[in-house]
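K.L.:
Got a structure for you, questions after.
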Amino acid sequence: MDMVSLSNHELEKFETLSEDSTSMNEPILFQVEKNIATLTFNRPETLNAMDETMGKAFGAILKQIKSDPQIRVVIITGAGRAFSSGGNLEMLESKIKKKKATNQKELQNFYKTFLEIRKLPIPVIAAINGPAVGAGFCLALACDLRYAATTAKLGANFARLGLAPGMGGTYLITRLVGPTMASEILLTGNVFEAEQALDYGLLNDAVAAESLMDYVKSIATKIAQNGPVPVRLIKKGIQMAMHKTLEQMFIYDSAAQATCFATQDIKEGIAAIRQKRTPNFVGK
Numbered sequence: 005m006d007m008v009s010l011s012n013h014e015l016e017k018f019e020t021l022s023e024d025s026t027s028m029n030e031p032i033l034f035q036v037e038k039n040i041a042t043l044t045f046n047r048p049e050t051l052n053a054m055d056e057t058m059g060k061a062f063g064a065i066l067k068q069i070k071s072d073p074q075i076r077v078v079i080i081t082g083a084g085r086a087f088s089s090g091g092n093l094e095m096l097e098s099k100i101k102k103k104k105a106t107n108q109k110e111l112q113n114f115y116k117t118f119l120e121i122r123k124l125p126i127p128v129i130a131a132i133n134g135p136a137v138g139a140g141f142c143l144a145l146a147c148d149l150r151y152a153a154t155t156a157k158l159g160a161n162f163a164r165l166g167l168a169p170g171m172g173g174t175y176l177i178t179r180l181v182g183p184t185m186a187s188e189i190l191l192t193g194n195v196f197e198a199e200q201a202l203d204y205g206l207l208n209d210a211v212a213a214e215s216l217m218d219y220v221k222s223i224a225t226k227i228a229q230n231g232p233v234p235v236r237l238i239k240k241g242i243q244m245a246m247h248k249t250l251e252q253m254f255i256y257d258s259a260a261q262a263t264c265f266a267t268q269d270i271k272e273g274i275a276a277i278r279q280k281r282t283p284n285f286v287g288k
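The opening position of the sequence shown corresponds to residue 5 in our numbering, with each subsequent residue numbered one higher.
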């Protein structure tokens, strides 16, 4: 049957199938709904293993997010049964034949592409739907908030592969749990249950797998409904607080509040409280 002989209904169905087929071939799916962007790693056949192709797609999407002021929160998750199994094995094997200097440069660029989420001015939430190990685990830790399915398994298994940690793992894990627990996690390379990760302080919560996305979206919605200006300032302030003194944060906090007092949204927030209604913030 040629295209000319298709009815309008059949043509619409054909176009829909074509769009679905195209999207299914993308390494990362990208959707924006009600100020919330969702990035879905889309290589379920490899448990969403990370490679250069996925990295390029990830970087391009982050640029798009940065240029869209309507996006207030980002969710990252995985298609199929995994969040991400870490670095693609073929990619790792290809580096065995390369020179040390070449590998170092390529790896740094690879890390920077994914860890650019740390520089996003808006909150990023990891919805860990399944296994998150190696570089995939580290990417989840780079997010501002982390929620995992109770069935998910997590771990920094680099040493078990004969590798030192990558993707900022040493920095991220040590910052989150301290040097003693980081030593156990990294030196053993153990893969552990979500509940154990929660006990370690690596997660905000562990919820039933079937409820994970609804739960994460509810958190994202609460954040998106808050004032966009203070939300951005809060993210920046939390990152600064890790290496600043209390006195330095006094200066930052006062400047941040002064910035908010110069916006339309503070007027809207006060009016909403007085009128006992939900505020409608515009980010100005």
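The C-beta atom is built at its ideal place from N, Cα and C for all residues, glycine as well.
Based on the DSSP output, what are the partners of ILE132 in its beta bridges?
P.N.:
Locating residue 132 in the sequence shown gives position 128, where the first residue counts as 1. Answer is ALA152.
K.L.:
Is it right to say ASP269 is buried, meaning 16 or more other beta carbons lie within 10 angstroms of its own, or is it exposed?
P.N.:
Here residue 269 refers to the residue found at position 265 of the sequence shown. ASP269 is buried by the Cβ-count criterion.
K.L.:
Which one of ARG179, GLU188, SER88, GLY166 has the shortest CA to CA distance from ALA144?
P.N.:
The residue given as residue 144 occupies position 140 in the sequence shown. Out of ARG179, GLU188, SER88, GLY166, SER88 has the C-alpha closest to the C-alpha of ALA144.
K.L.:
Inspect the CB distances between the segment 95 to 105 and the segment 121 to 141 and report whether three or more fall short of 8 Å.
P.N.:
no
K.L.:
Grab me the residues of ALA136's own chain with a C-beta within less than 7 Å of its C-beta, minus the 5 sequence neighbours each way, in chain order.
P.N.:
By one-based count along the sequence shown, residue 136 stands at place 132. So the qualifying residues of the chain are PHE87, SER88, ALA144, ALA156, LEU158.
K.L.:
Taking only three categories from DSSP, how would you classify ILE69?
P.N.:
Residue 69 sits at position 65 when you count from the first residue of the sequence shown. In this structure, ILE69 counts as helix in the three-state DSSP scheme.
K.L.:
Starting from the N-terminal side, write out each stretch of the beta strand (DSSP E) that is 3 residues or longer and does not extend beyond the segment 99 to 148.
P.N.:
128 to 132
K.L.:
Suppose you measure from the CA of GLY59 to the CA of ASN29; what does that come to, to the nearest Å?
P.N.:
Within the sequence shown, numbered from 1, the residue matching residue 59 stands at position 55. Within the sequence shown, numbered from 1, the residue matching residue 29 stands at position 25. About 15 Å.
K.L.:
Based on Cα-Cα distance, which residue from THR50, GLU37, ILE277, LEU93 lies nearest to GLY134?
P.N.:
Numbered from 1 along the sequence shown, position 130 holds the residue referred to as residue 134. Of the listed residues, the one whose Cα sits closest to GLY134 is THR50.
K.L.:
Quick one, are the C-beta atoms of ALA160 and ILE177 less than 8 Å apart?
P.N.:
The residue given as residue 160 occupies position 156 in the sequence shown. The residue given as residue 177 occupies position 173 in the sequence shown. Between ALA160 and ILE177, the CB-CB gap stays under 8 Å.
K.L.:
Nearest to ILE119 by alpha carbon, out of PHE141, LYS104, ALA146, GLY140?
P.N.:
Counting from 1 along the sequence shown, the entry for residue 119 is found at position 115. Checking the sequence shown, residue 119 turns out to be Leu, not Ile. Minimum Cα distance to LEU119 is reached at ALA146.
K.L.:
Check LYS271 in the structure and name its three-state DSSP category.
P.N.:
Translated into positions along the sequence shown, residue 271 becomes position 267. In this structure, LYS271 counts as helix in the three-state DSSP scheme.
K.L.:
Can you name, in chain order, every residue of its own chain whose Cβ lies under 8 Å from the Cβ of THR26, other than the five neighbours on each side?
P.N.:
Here residue 26 corresponds to residue number 22 of the sequence shown, with the count starting at 1. For THR26, the predicted structure reports a pLDDT of 43, less than 50, and the residue's modelled location is therefore unreliable. The matter cannot be settled from this model.
K.L.:
Let me confirm a value: THR44 is counted as buried when at least 16 other C-beta atoms fall within 10 Å, else exposed. Which label applies?
P.N.:
As a first step, residue 44 must be located in the sequence shown, where it is residue number 40. THR44 counts as buried, since at least 16 other C-beta atoms from the protein chains shown sit within 10 angstroms of its C-beta.
K.L.:
Our contact map puts ALA210 next to ALA198 with C-beta atoms below 8 Å; I'd like the distance itself, whole angstroms only.
P.N.:
In the sequence shown, counting from the first residue as 1, residue 210 sits at position 206. In the sequence shown, counting from the first residue as 1, residue 198 sits at position 194. Correct: roughly 4 Å between the Cβ atoms.
K.L.:
Excluding sequence positions up to five away, which residues of its chain have a Cβ less than 7 Å from the Cβ of THR154?
P.N.:
Your numbering for residue 154 matches position 150 in the sequence shown. Taken in chain order, the residues that qualify are ALA198, GLU199, ALA210, VAL211, ALA212, ALA213.
K.L.:
For ARG278, which residues in the same chain have their Cβ closer than 7 Å to its Cβ, ignoring the five residues on either side in sequence?
P.N.:
Taking the sequence shown and counting its residues from 1, one reaches residue 278 at position 274. Nothing meets the Cβ criterion.
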